[in-house]
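Read through the structure below, which is laid out as structure tokens, and then see the notes.
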Amino acid sequence: MRQIFSPYRLGVMAIKASQIVTVAAAANDYLAGIGRVVTPWHGLDVTDYGLGNFDTVGLVAYVLDNRRREGYAHKRLVLARNQICPNHYHWTKSETICCEDGQILITLGGQAVRHGAGWDERCRLVDVEVNNVPVHHDHGQIEMGTVAITLNAGDAIFLPHGTWHEFRAVGGFALAEEVSTFNDDDTDNVFSCPDILRFPPEIDQDVPGTTVGRDDLGFIIMTEV
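Under our numbering, residues 7 to 231 are what the sequence shown spells out, in order.
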């Protein structure tokens with residue numbers, strides 16, 4: 007990947023097990039408070055993208071379904087106050103992001119485009135749909151990263167594969183439901199920051215009596231020892 011300027015470039019760091027336990031509990035409490043049920047079969051994913059600054063850049067995701075053969079995936083995404091899911095696009099995944107609670111600000115394009123990363127026929131930048139209505143923006147707006155779309159509860163945006171996008175919660179916690187084609191986090195994500203890893207490389211085991219790890223699908227597992 008081309009090395010480009012990014013405000014998130016902080017270096018790859020291990021995420022602490024204690025932080026995973028804490029943020030997962032906070033996300034579960036938030037979901038319970040708005041009437042959402044979390045069950046053991048929901049695959050849990052907690053990531054700070056290897057940047058070591060979860061309060062600013064991070065995500066808690068619950069994978070409800072992900073089927074390669076059928077080409078379908080369904081996730082719940084929980085963002086804490088003003089937390090960012092960093093700028094990226096997908097080679098093959100197209101997705102609809104529905105704001106279910108709170109407010110979400112989505113920015114299209116931006117720095118990655120200005121510095122030339124991914125500017126090819128597979129990186130579509132201008133055609134999205136908001137609440138099933140096509141929305142078109144010119145390349146100048148996209149290049150400057152000035153296309154910002156606010157989703158309130160009940161709003162949805164469709165993002166074709168190859169669309170650079172970044173999103174964040176505004177004010178407090180926010181919940182998004184993501185329905186998409188098959189989700190392959192191992193090969194399908196391209197981030198504008200070269201230091202970002204979808205899955206942090208290590209988990210710092212700092213919780214006495216509990217080991218926090220990932221299973222073969224990348225989901226968080228917590229084991230008492």
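No residue lacks a Cβ here, since even glycine has one placed at the ideal position from N, Cα and C.
If the five residues before and after residue 97 are omitted, its C-beta is found closer than 6 Å to the C-beta atoms of 194, all from its own chain and listed in chain order.
Taking C-beta atoms as the reference points, residue 54 and residue 60 count as a pair closer than 7 Å.
The three-state reading of DSSP puts residue 113 in strand, counting E and B together.
Residue pairing from DSSP places residue 195 in a beta bridge opposite 96. In the structure shown, residue 157 falls within a strand segment according to DSSP collapsed to helix, strand and coil. Straight-line measurement puts the Cα of residue 201 at about 28 Å from the Cα of residue 104. Given a length threshold of 3 residues, each whole run of the beta strand (DSSP E) inside the region 52–79 is given here in chain order: 65–73. Per DSSP, reduced to three states, the secondary structure at residue 28 is helical. The beta-carbon separation of residue 114 and residue 153, rounded to 4 Å, stays under the 8 Å limit for a contact. It is roughly 32 Å from the alpha-carbon of residue 178 to the alpha-carbon of residue 215. In this structure, residue 38 keeps its C-beta atom at 7 Å or more from the C-beta atom of residue 108.
By a beta-carbon distance limit of 8 Å, residue 84 contacts residue 36. Their separation comes to about 6 Å. With fewer than three CB-CB distances shorter than 8 Å, the region 69–79 does not count as touching the region 164–178. Distance from residue 27 to residue 231 at the Cβ level is roughly 14 Å; contact not present, criterion being Cβ atoms closer than 8 Å. Counting only the Cα atoms, residue 219 lies some 7 Å from residue 228. In the three-state DSSP reduction, residue 203 falls in the coil class, being neither helix nor strand. Linking residue 159 to residue 42 through their CA atoms gives a straight-line distance of about 15 Å.
By the beta-carbon neighbour count (other beta carbons within 10 angstroms, threshold 16), residue 171 is buried.
Each residue's CA atom was taken as its position, placing residue 21 and residue 134 some 34 Å apart. Residue 99 has its alpha-carbon roughly 7 Å from the corresponding atom of residue 189. When beta bridges are read from the DSSP output, residue 40 appears opposite no residue. Taken through DSSP and simplified to helix, strand or coil, residue 221 comes out as coil.
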